[in-house]
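Trainee:
In the numbering used here, the protein residues as written are 1 to 341.
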């Protein structure tokens, strides 16, 4: 059975009436959390389920970090492990991360590696990430009963076309290191932190290397928007010779039925200028949204072990929480019909 989740939005866990509305929808199974501070207990209390994606790590999730497993230290680490283990979805998702140990967090622009931390050697990168994936999966599952154990699923980031940095909106750490960031981009390009890690062949090798060492096999989280943006960019820069559909075929061949979860949303942009992650809703008749859904159908049909689908959609400006959740219920109905799930 495939379950539909919606992504967490601010205030949701404190609004019991809206949570009850979602529970009574009969379509939405639960909420996908990317934090550990909001009460998982409040969601479960109304009968909704919980899915986890980078919980407590946000956009800093990076399996290339040599100290990644330190996230489980201290009281915050104990809370993280509790949330992961008590989640209901059979999957827990994490970003594969970057081809660098540490990076500057950027706003509206790909994150940029810090000087001296870039890993260009593919084998070394693969070894580091697979080691952390194995350690992560065992940490989550080693003390759980078999029926409660989770499939750790990894997700690739979006490899983007050239855009300008808006320095006025950047975080202080990035602004203070502007010269280093600009020098790195000038030397290596804006996607320097995503070398290898978005390639289908790298994903295949990661799943092959990590799974035999784990309690449960490592799977893939197929973020349709991220793959769409990546395919468009690689076609545009002539590092991939084919169509977007061909790129999806290559990734499907690489994961060989190990897609356990989907993320669904509509990016923004166009064929001329490129696309960017946007977490927009599906609007019937919108050509981009329909293209995304056609690709999602193909992925779903080729993924016999698909168990979890998350509608990753942000709340529109001016909408109330209740309005947003009604829209998510409508989106869930639409997706269910389109994907035949």
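Just so you know, even glycine gets a beta-carbon here, dropped at the ideal spot from N, CA and C.
How many Å lie between residue 287 and residue 144 at the Cα?
Mentor: Distance between the alpha carbons of residue 287 and residue 144 is about 45 Å.
Trainee: Are the segment 76-85 and the segment 127-147 in contact at 8 Å, needing three or more beta carbon pairs?
Mentor: Yes: the two stretches touch, three or more of their Cβ pairs being nearer than 8 Å.
Trainee: Would you tell me roughly how many angstroms separate the C-alpha atoms of residue 91 and residue 14, rounded to the nearest one?
Mentor: One C-alpha to the other measures close to 25 Å.
Trainee: Using 8 Å for Cβ pairs, my map puts residue 80 next to residue 154. What's the rounded Cβ distance?
Mentor: 17 Å between Cβ atoms; not a contact.
Trainee: Output needed for residue 257: all residues of its chain with C-beta closer than 8 Å, excluding positions within five of it in sequence on either side, in chain order.
Mentor: Around residue 257: 302, 303, 304, 305.
Trainee: For residue 63, which residues of its own chain have a beta-carbon under 8 Å away from its beta-carbon, when the five flanking residues on both sides are left out?
Mentor: 94, 95, 96, 97, 128, 129, 132, 133, 136, 154, listed in sequence order.
Trainee: Quick check on the DSSP output: what are the complete beta strand (DSSP E) runs of length 3 or more inside the segment 7-54, in order along the chain?
Mentor: If we require 3 residues or more, the beta strand (DSSP E) runs fully inside the segment 7-54 come out as 28-33, 49-53.
Trainee: Do residue 205 and residue 126 have their C-beta atoms within less than 9 Å of each other?
Mentor: Yes; because the gap between Cβ atoms is below 9 Å, this pair is in contact.
Trainee: Would you tell me roughly how many angstroms separate the C-alpha atoms of residue 7 and residue 50, rounded to the nearest one?
Mentor: About 10 Å.
Trainee: Under three-state DSSP, which class holds residue 152?
Mentor: DSSP places residue 152 in strand when its eight states are reduced to three.
Trainee: Starting from residue 222 and walking both ways along the beta strand (DSSP E), at which residues does that stretch end?
Mentor: Here the beta strand (DSSP E) through residue 222 covers 219-223.
Trainee: Name the residue from 34, 10, 36, 45 whose alpha carbon lies nearest to the alpha carbon of residue 23.
Mentor: Considering only alpha carbons, the answer is 45.
Trainee: As a quick exercise: from 313, 123, 307, 309, pick the residue whose alpha carbon is nearest that of residue 209.
Mentor: It is 123 whose Cα lies nearest to the Cα of residue 209.
Trainee: With distance defined between alpha-carbon atoms, name the residue in 48, 157, 42 nearest to residue 61.
Mentor: For the residues 48, 157, 42, the minimum Cα distance to residue 61 belongs to 157.
Trainee: As an exercise, report each continuous alpha helix (DSSP H) stretch of at least 4 residues that is fully enclosed by the segment 224-310, in chain order.
Mentor: Qualifying alpha helix (DSSP H) stretches, in chain order: 224-236, 244-255, 287-301.
Trainee: For residue 311 versus residue 331, is the C-beta spacing smaller than 9 Å?
Mentor: Their beta carbons are under 9 Å apart, which means residue 311 touches residue 331 by this criterion.
Trainee: Does DSSP put residue 203 in a helix, in a strand, or in coil?
Mentor: The answer is helix: DSSP assigns residue 203 an H, G or I state.
Trainee: Using alpha carbons as the reference points, say which of 150, 75, 66 lies closest to residue 117.
Mentor: Answer by Cα proximity: 66.
Trainee: Name the residue from 99, 73, 115 whose alpha carbon lies nearest to the alpha carbon of residue 199.
Mentor: That would be 99, whose Cα lies nearest to the Cα of residue 199.
Trainee: Check whether the Cβ atoms of residue 159 and residue 113 lie closer than 9 Å to each other.
Mentor: Not a contact, by the Cβ cut-off of 9 Å.
Trainee: Quick check: residue 163 and residue 225, are their CB atoms within less than 9 Å of each other?
Mentor: Not closer than 9 Å, so no.
Trainee: Taking residue 346 as the reference, give the member of 4, 3, 9, 2 with the closest Cα.
Mentor: Outside the displayed span of the chain (1 to 341) sits residue 346, for which this structure offers no information.
Trainee: Is it buried or exposed for residue 68, if we count other Cβ within 10 angstroms and need 16 for buried?
Mentor: Flag for residue 68 reads buried.
Trainee: Look up residue 91 in the DSSP assignment and give the residues it is bridged to.
Mentor: DSSP lists 151 as partners of residue 91.
Trainee: Please state whether DSSP places residue 112 in a helix, a strand or coil.
Mentor: In this structure, residue 112 counts as strand in the three-state DSSP scheme.
Trainee: Quick check: residue 105 and residue 180, are their CB atoms within less than 9 Å of each other?
Mentor: No, they are not a contact pair.
Trainee: Does DSSP classify residue 159 as helix, strand or coil?
Mentor: It is coil, neither helix nor strand.
Trainee: Inspect the beta-carbon positions of residue 21 and residue 325 and report whether they are closer than 9 Å.
Mentor: Cβ atoms of residue 21 and residue 325: closer than 9 Å.
Trainee: With 16 other CB atoms within 10 Å as the buried threshold, where does residue 29 fall?
Mentor: Residue 29 is buried by the Cβ-count criterion.
Trainee: Nearest CA to the CA of residue 203: which residue from 319, 333, 40, 248?
Mentor: Nearest of 319, 333, 40, 248 to residue 203, Cα basis: 248.
Trainee: Under DSSP, the alpha helix (DSSP H) around residue 188 begins and ends at which residues?
Mentor: Residues 178-188.
Trainee: Run through DSSP, which three-state label would residue 103 get?
Mentor: Reduced to three states, the DSSP call for residue 103 is strand.
Trainee: Taking the alpha carbon of residue 167 as the reference point, which residue from 281, 36, 108 has its own alpha carbon closest?
Mentor: Cα-wise, what sits closest to residue 167 is 108.
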